[in-house]
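Peer 1: Okay, so the sequence shown: first residue is 1 according to this note's numbering, each after it adds one.
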Amino acid sequence: MAFRFVHTADIHLDSPLRTLALRNPELAELVGDASRQAFISIVDLCLAERVDALVIAGDLYDGDQTSMKTARFLASQMMRLHQAGVRVYMIRGNHDAMSRISKQLVLPDTVTIFSGRTQSVIQSGAGLDVVLHGLSFASPQAAESLQPKYAGPRESAANIGIMHTSLAGSPGHDVYAPCSVADLQGHGFEYWALGHIHVRKVYPGASTLVMPGIPQGRDINEAGEKSVTLATINDDRSVDIEERLTSVAQFERVSVDLAGTSELPQAVGRIRSALEQSRTAARSQYLIARLGLVGASALSWMMIRDKDLVLAEAEQAAEQVGNTWVEKVELNLSAPGTGKSEDVADPTLELAESMRANATSDAFRSDARELVLKTIADLPPDARDFAGKDEAALEAFLDDVLARGVDLVTARLKAGGTR
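1) Looking at C-alpha atoms only, which residue of N234, V310, G125, V121 is the closest neighbour of G292?
2) Is the beta carbon of S255 less than 7 Å from the beta carbon of E225?
3) If you run the structure through DSSP and keep just helix, strand and coil, what is L293?
4) What are the uninterrupted segments assigned as beta strand (DSSP E) that are 3 or more residues long and contained completely in the segment 239-274, given in chain order?
5) So, helix, strand or coil for A168, using DSSP?
6) Apply the 10 Å Cβ neighbour rule to P380 and answer buried if 16 or more other Cβ atoms are within range, or exposed otherwise.
7) So is F114 buried or exposed if we call it buried at 16+ other beta carbons inside 10 Å?
8) Quick one: grab the DSSP three-state call for E190.
9) Below 8 Å, can you find three or more Cβ-Cβ pairs linking the segment 235-246 to the segment 269-280?
10) Where F39 and E222 are concerned, what is the direct C-alpha to C-alpha distance, given to the nearest angstrom?
11) Cutting at 7 Å between CB atoms, please list the residues of its own chain near S278, excluding the five before and the five after it.
12) Can you tell me where the beta strand (DSSP E) with G134 in it begins and where it stops?
13) What span of residues does the alpha helix (DSSP H) with T70 cover, start to end?
14) Using C-beta distances below 8 Å, list every residue in its chain close to L27, excluding the 5 sequence neighbours before and after it, in chain order.
15) My parser needs the alpha helix (DSSP H) runs of 4 or more residues fully inside the segment 295-332; what are they?
16) In terms of alpha-carbon separation, which member of T229, D240, E315 lies closest to G269?
17) Can you have a look at G116 and say buried or exposed, based on whether 16 or more other CB atoms are within 10 angstroms of its CB?
18) Per the DSSP calculation, F163 is bridged to which residue(s)?
19) Tell me whether R419 sits in a helix, a strand or coil according to DSSP, three-state version.
20) Whose CA, out of A335, Q250, G127, lies closest to the CA of A34?
21) Counting beta carbon pairs with one atom in the segment 260-267 and one in the segment 292-306, are three or more of them shorter than 8 Å?
22) Where do the ends of the beta strand (DSSP E) carrying V111 lie?
23) What residue from G217, S227, D240 has the CA that sits closest to L209's CA?
24) Have a look at E350, L333, L331, A267 and flag the residue whose alpha-carbon is nearest the alpha-carbon of A317.
25) Just reading off the alpha helix (DSSP H) that K201 is part of, what are its end residues?
26) Taking the DSSP output, what are the residues bridged to Q147?
27) State yes or no: is the C-beta of D52 within less than 7 Å of the C-beta of F5?
28) Quick check on DSSP: helix, strand or coil for V106?
29) Contact defined as beta carbons within less than 8 Å: I believe V131 pairs with F3. What is the distance between those atoms, to the nearest angstrom?
30) Under 7 Å between the Cβ atoms of S166 and H187?
31) Taking just the CA atoms, how far does A177 sit from H164?
32) Just reading off the beta strand (DSSP E) that V175 is part of, what are its end residues?
33) My guess is that L161 and F189 are in contact by the Cβ rule of under 8 Å, so how many angstroms apart are they, rounded?
34) In terms of DSSP beta bridges, what is Q123 paired with?
35) Provide the residue span of the alpha helix (DSSP H) that contains I376, from first to last.
36) Does the separation of the CB atoms of G58 and A138 fall below 7 Å?
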């Protein structure tokens, strides 16, 4: 009889809000509760599909958590699985290693948490024995590959390896227990249940390797619908996998072309139309949009000056669409070029050109860089990444800030400096 299980990772239960843009309290509540709702969806899927097990490949928690509310919630969901006869196999990832909850919480005996030494657990079934191999890490850092520490496959059974690893590395993710896909493929297991990288990817081959991705995005950098993997190991040890949606809310970047618009209602109509299209395409219950307004529009100066008004209009349009929120509005607009000689003589535009030239000078840029670096030094360590994590990112940040600064000053002058 086939062995069926749900594979997930990187739940980051009760992860704190990761963006200051969520100033709307209702939106903040939605995002703050989304990881719990996603986990409930995972448990619901296990029960609906009557699977044999839930496999969690690390980072169930989110760092140094001490909230008993998190503990009680998790215990209640594990009890639901226990009562349905669904076993749980989980390893600790780099974030779990910092969590006090993971060391103190008492869970049902149907929950297996692998220790810091490689373990192999047998789950017997009708005609097919399955061996699950797992290894937790006690420290947030793991510089070396963990793959050599895993036992070899048991030939009389189907073998599942559970590992938290950055593989060969991924942008935006810390290096953690790095190893190659080839090494895992050659280990001899039927399935590798991986975790750590928040983007879903399947590596077919001699073994099926699955990085399920995060089941619920937490900010715009984790955009798109999120999911878990429903896996089946058949009697002949072949593997079938299905992707199943779990995200309650999904972040999406929504581009709106405002070229040719000259009146605010016209622009708002285009914003609403773009939100409606994105809402139709989104499969999650809620859509959280970051709007990017682009194009040459006569409204560009006004929108740069009155960005708060634009955000309010966009939020109202989202409310009319339903189950849709606007998290932030980004402006990349320009004034329409008429080609007339009067524009050349416009003192505001002449001043803008002068400011742009000055902003690109070595001296001005050096002063701006020094100011940013001083600001970074004055901030606490966890708030210092706003200008990027390396020299190239800092230079890109300066390019953007200086260009937008010129646009903002020009917009206020062009619009008369009044609100």
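C-beta atoms are modelled at their ideal positions from N, C-alpha and C, and glycine is treated no differently.
Just so we're clear, the structure is a prediction, and the values are computed from it rather than from any experiment.
Peer 2: With the given structure in hand:
1) Within the sequence shown, the letter at position 292 stands for residue 292. G292 has its Cα closest to that of V310, out of N234, V310, G125, V121.
2) Against the sequence shown, residue 255 aligns to sequence position 255. Against the sequence shown, residue 225 aligns to sequence position 225. No. Outside cutoff.
3) Position 293 of the sequence shown, counting from 1, holds the residue named residue 293. Strand, per DSSP.
4) 239-245, 249-257
5) Numbered from its first residue, the sequence shown carries residue 168 at position 168. In the structure shown, A168 sits in coil (DSSP, three-state: anything other than H, G, I, E or B).
6) Taking the sequence shown and counting its residues from 1, the one referred to as residue 380 is at position 380. Per the 10 Å Cβ criterion, exposed.
7) In the sequence shown, counting from the first residue as 1, residue 114 sits at position 114. With 16 or more Cβ atoms within 10 Å of its Cβ, F114 is classed as buried.
8) Here residue 190 corresponds to residue number 190 of the sequence shown, with the count starting at 1. Coil at E190, not helix or strand.
9) no
10) Mapped onto the sequence shown, residue 39 falls at position 39. Mapped onto the sequence shown, residue 222 falls at position 222. In a straight line, the C-alpha of F39 is about 17 Å away from that of E222.
11) Counted from its first residue, the sequence shown places residue 278 at position 278. So the list reads E252, V254, L287, A289, once near-sequence residues are dropped.
12) Position 134 of the sequence shown, counting from 1, holds the residue named residue 134. Unbroken beta strand (DSSP E) run through G134: 130-134.
13) Taking the first residue of the sequence shown as 1, we reach residue 70 at position 70. Its alpha helix (DSSP H) spans residues 68-83.
14) What you label residue 27 is simply residue 27 of the sequence shown in a count that begins at 1. Closer than 8 Å at the Cβ level, and outside the excluded window around L27, lie I288, W325, E327.
15) 300-305, 307-321
16) What you label residue 269 is simply residue 269 of the sequence shown in a count that begins at 1. Nearest of T229, D240, E315 to G269, Cα basis: E315.
17) Counting from one through the sequence shown, the residue named residue 116 turns up at place 116. Under this definition G116 is an exposed residue.
18) Against the sequence shown, residue 163 aligns to sequence position 163. A small fix is needed here, since residue 163 is Met in this sequence, not Phe. Its beta-bridge partners are L194.
19) To locate residue 419, count along the sequence shown from 1; it is residue 419. Only weak support exists for where R419 lies, its pLDDT of 42 falling under 50; the value from the coordinates is given anyway. Coil.
20) Here residue 34 corresponds to residue number 34 of the sequence shown, with the count starting at 1. The shortest C-alpha separation from A34 is found at Q250.
21) yes
22) Taking the sequence shown and counting its residues from 1, the one referred to as residue 111 is at position 111. Start and end: 111-113.
23) Sequence index remark: in the sequence shown, residue 209 carries index 209 (1-based). L209 has its Cα closest to that of D240, out of G217, S227, D240.
24) Sequence index remark: in the sequence shown, residue 317 carries index 317 (1-based). Among E350, L333, L331, A267, the Cα nearest to that of A317 belongs to A267.
25) Indexing the sequence shown from 1 puts residue 201 at position 201. Here K201 belongs to no alpha helix (DSSP H); instead the beta strand (DSSP E) covers 201-203.
26) Reading the sequence shown from its first residue, position 147 is the one you call residue 147. Answer is none; Q147 lacks a bridge partner.
27) Position 52 of the sequence shown, counted from the start, is the residue given in the question as residue 52. Position 5 of the sequence shown, counted from the start, is the residue given in the question as residue 5. In this structure, F5 lies closer than 7 Å to D52 by Cβ.
28) In the sequence shown, counting from the first residue as 1, residue 106 sits at position 106. Three-state result, V106: coil.
29) To locate residue 131, count along the sequence shown from 1; it is residue 131. To locate residue 3, count along the sequence shown from 1; it is residue 3. That pair is no contact at about 11 Å.
30) Taking the first residue of the sequence shown as position 1, residue 166 is located at position 166. Taking the first residue of the sequence shown as position 1, residue 187 is located at position 187. No, the Cβ-Cβ distance between S166 and H187 is not below 7 Å.
31) On the sequence shown, residue 164 is found 164 positions in, with the first residue counted as 1. On the sequence shown, residue 177 is found 177 positions in, with the first residue counted as 1. Taking the straight line joining both Cα atoms gives about 7 Å.
32) Locating residue 175 in the sequence shown gives position 175, counting from the first residue. First-last for V175: undefined, no H or E at that position.
33) Here residue 161 corresponds to residue number 161 of the sequence shown, with the count starting at 1. Here residue 189 corresponds to residue number 189 of the sequence shown, with the count starting at 1. In the sequence under discussion, the amino acid at residue 161 is Gly, which differs from the Leu named in the question. At roughly 5 Å, the Cβ-Cβ gap stays under 8 Å, so G161 and F189 are in contact.
34) The residue you call residue 123 lines up with position 123 of the sequence shown. DSSP lists V130 as partners of Q123.
35) What you label residue 376 is simply residue 376 of the sequence shown in a count that begins at 1. Unbroken alpha helix (DSSP H) run through I376: 362-378.
36) Walking along the sequence shown from the start, residue 58 turns up at place 58. Walking along the sequence shown from the start, residue 138 turns up at place 138. It is not a contact, given that the beta carbons lie outside the stated cut-off.
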